[in-house]
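Residue numbers (the working numbering): 199 to 269. Backbone N, C-alpha and C define an ideal beta-carbon position, used for all residues, glycine too. Following: one structure in structure tokens, then a few remarks.
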């Protein structure tokens, strides 16, 4: 398992502390969305549509594990 990059670690730690976050679709292409997509591809978080244009981002067990190993 690869160590998370600093921005990935920051996002994962935020999700550990807060539970879930909402992300607006209009911000796609931003640093936040690129980081979300990177973490999602690693299996560290999930993204679900909650309403038109808004998504909920949640940490997975694998995301908690990577923070525990490299945090």
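Pairwise C-alpha distance: residue j and residue i
i	j	result
residue 254	residue 207	18 Å
residue 223	residue 256	16 Å
residue 264	residue 201	7 Å
residue 231	residue 266	23 Å
residue 241	residue 268	16 Å
Which of helix, strand or coil DSSP assigns to residue i
i	result
residue 258	coil
residue 239	helix
residue 228	coil
residue 249	strand
Any C-beta of chain C under 8 Å from that of residue i
i	result
residue 252	The displayed structure is made up of one protein chain only, and chain C is not part of it.
Residue j beta carbon less than 8 Å from that of residue i
i	j	result
residue 213	residue 243	yes
residue 259	residue 210	no
residue 229	residue 245	no
Integer Cβ distance of residue i from residue j, believed to fall under 8 Å
i	j	result
residue 248	residue 225	So it is not a contact: roughly 15 Å between Cβ atoms.
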